[in-house]
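Peer 1: One structure, pasted below without further comment.
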Ligand code: ATP
Ligand code: MG
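In the numbering used here, the protein residues as written are 18 to 248.
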């Protein structure tokens, strides 16, 4: 049986429970063997927004993925020069894993912008595309989107979640649990020195609090206030 390898790219600034649960459900529902988390080094899509260093985002991912033997972390995009383009990462991973079937996970917000990505049609040849539900988007429009933007030859069986194509890889609408958590929300709370506990794994929460990550200069760190209230 060929390796069924999930690939989850993202900024992960920071990784949160929405990411982890979606990855776990993709493994489970699609019968994948492993999930490779690939943090972006130089995002082509977020110009002007100052993201945390690769090292800090990497450290939080290491903490978050520990304890799940099917979750793996890749520094691929940091090793590749220039902007991080998904198509290049997938080409690299398919060479590195000959014979493996690749499944690329993407939240529905990002999915509906894929037609703006570099060489996006190539991505639909290289990997199955697994569209993750988020509270703000509608999975019913997935077929419409790929038919219009990628190829008119996509077909779906009634009641099925797999959208097939005669030459390209399938697109899957994952019926995952919708979790209304975003890194933006985590950063907003942390900026004000407020708790992000239960939005991120406990060890990531600890790392953010200890290092005062995302904190605006005026706010007092959450860790300080906890220490005071414990006293
Ligand atoms: P930001 O708010 O900074 O954009 P984010 O929460 O969207 O952060 P990203 O690192 O941008 O996180 O996301 C990486 C991938 O994970 C994207 O494809 C995104 O759509 C998906 N994703 C993020 N949060 C969720 C969630 N709660 N449920 C399902 N997919 C998610
Ligand atoms: Mg995002």
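Where a beta carbon is used, it is the ideal one built from N, C-alpha and C, also for glycine.
Just how far apart, CA to CA, sit residue 224 and residue 175?
Peer 2: Here residue 224 corresponds to residue number 207 of the chain shown, with the count starting at 1. Here residue 175 corresponds to residue number 158 of the chain shown, with the count starting at 1. Looking at the two C-alpha atoms, the distance is approximately 46 angstroms.
Peer 1: Does the distance between the C-beta of residue 123 and the nearest non-hydrogen atom of the ligand ATP fall short of 7 angstroms?
Peer 2: For this step, residue 123 is matched to residue 106 along the chain shown. Checking every heavy atom of the ligand ATP against the Cβ of residue 123, one is found closer than 7 angstroms.
Peer 1: Do three or more CB pairs link the stretch 38-47 to the stretch 174-192 at distances below 8 angstroms?
Peer 2: Result yes; three or more Cβ-Cβ pairs closer than 8 angstroms.
Peer 1: Let me know if residue 172 comes out buried or exposed under the rule of 16 or more other beta-carbons within 10 Å of its beta-carbon.
Peer 2: One-based indexing of the chain shown puts residue 172 at position 155. Answer is exposed; the Cβ neighbour count stays below 16.
Peer 1: Quick one: residues in its chain with C-beta nearer than 6 angstroms to the C-beta of residue 181, no 5 flanking neighbours on either side, listed in chain order?
Peer 2: As a position in the chain shown, residue 181 is number 164, starting the count at 1. Correct list, in chain order: 172 and 187.
Peer 1: Just list the beta strand (DSSP E) runs in the stretch 26-62, keeping only unbroken ones of 3 residues or longer that don't cross its boundaries, in chain order.
Peer 2: Segments of the beta strand (DSSP E) lying fully in the stretch 26-62: 51-56.
Peer 1: So with Cβ pairs under 8 angstroms, would you call residue 57 a contact of chain D?
Peer 2: You won't find chain D in this structure, because it holds only one protein chain.
Peer 1: Could you give the distance in angstroms between the alpha-carbon of residue 165 and the alpha-carbon of residue 103?
Peer 2: Your numbering for residue 165 matches position 148 in the chain shown. Your numbering for residue 103 matches position 86 in the chain shown. So the two alpha carbons sit approximately 21 angstroms from each other.
Peer 1: Grouping DSSP H, G and I as helix and E and B as strand, with all else coil, what is residue 223?
Peer 2: Working through the chain shown from its first residue, we reach residue 223 at position 206. Looking at residue 223 - three-state DSSP - the assignment turns out to be helix.
Peer 1: Any idea what DSSP makes of residue 122, helix, strand or coil?
Peer 2: Residue 122 sits at position 105 when you count from the first residue of the chain shown. The answer is strand: DSSP assigns residue 122 an E or B state.
Peer 1: Would you mind giving the Cβ-Cβ distance between residue 124 and residue 93, rounded to the nearest angstrom? I have them listed as a contact below 8 angstroms.
Peer 2: Residue mapping note: residue 124 aligns to position 107 of the chain shown, counting from 1. Residue mapping note: residue 93 aligns to position 76 of the chain shown, counting from 1. About 20 angstroms separates the two Cβ atoms, so there is no contact after all.
Peer 1: Do you know offhand how far residue 113's Cα is from residue 67's?
Peer 2: Taking the chain shown and counting its residues from 1, the one referred to as residue 113 is at position 96. Taking the chain shown and counting its residues from 1, the one referred to as residue 67 is at position 50. Roughly 31 angstroms between the two C-alpha positions.
Peer 1: Am I right that residue 88 and residue 131 are in contact with their C-beta atoms under 8 angstroms? What's the rounded C-beta distance?
Peer 2: Against the chain shown, residue 88 aligns to sequence position 71. Against the chain shown, residue 131 aligns to sequence position 114. Residue 88 to residue 131, Cβ: 24 angstroms. No contact.
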